[in-house]
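Residue numbers (our numbering): -7 to 61.
Before any comments, here is the structure.
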Amino acid sequence: MFRTVRLKLPCDPSLLETGVRFREACQKVLDYGFSAHTLNSNKLNRANYHDIRKGMPALPSALVIGKCL
């Protein structure tokens, strides 16, 4: 059984910025995976993690590791 819950989230600019950076990081990983023909998370992590952390230092590492890779 599923239940729908309506929430009103605060409009915080930092939350929006984190979402934008997260989307960019995921797109970078997806582009690499598509061009390298791999879905292996270990290979994606080794190839992209340091570049993403260097390029987007404000993005929490938990988002980079847990969701993008």
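We put the CB at the ideal spot given by N, CA and C, even for glycine.
Just so we're clear, the structure is a prediction, and the values are computed from it rather than from any experiment.
Item	Value
8 Å contact criterion, which Lys20 and Asn40 should meet: CB distance rounded	6 Å
For Gly50, the three-state DSSP class (helix, strand or coil)	Note on residue identity: the sequence assigns Ala, not Gly, to residue 50. Coil at Ala50, not helix or strand.
For Cys3, the three-state DSSP class (helix, strand or coil)	coil
As assigned by DSSP and simplified to three states, the class of Phe26	helix
Proximity of Ala50 and Arg13 at Cβ, strictly below 8 Å	yes
Spatial neighbours of Ala28 in its chain, beta-carbon cut-off 6 Å, leaving aside the 5 residues before and after	none
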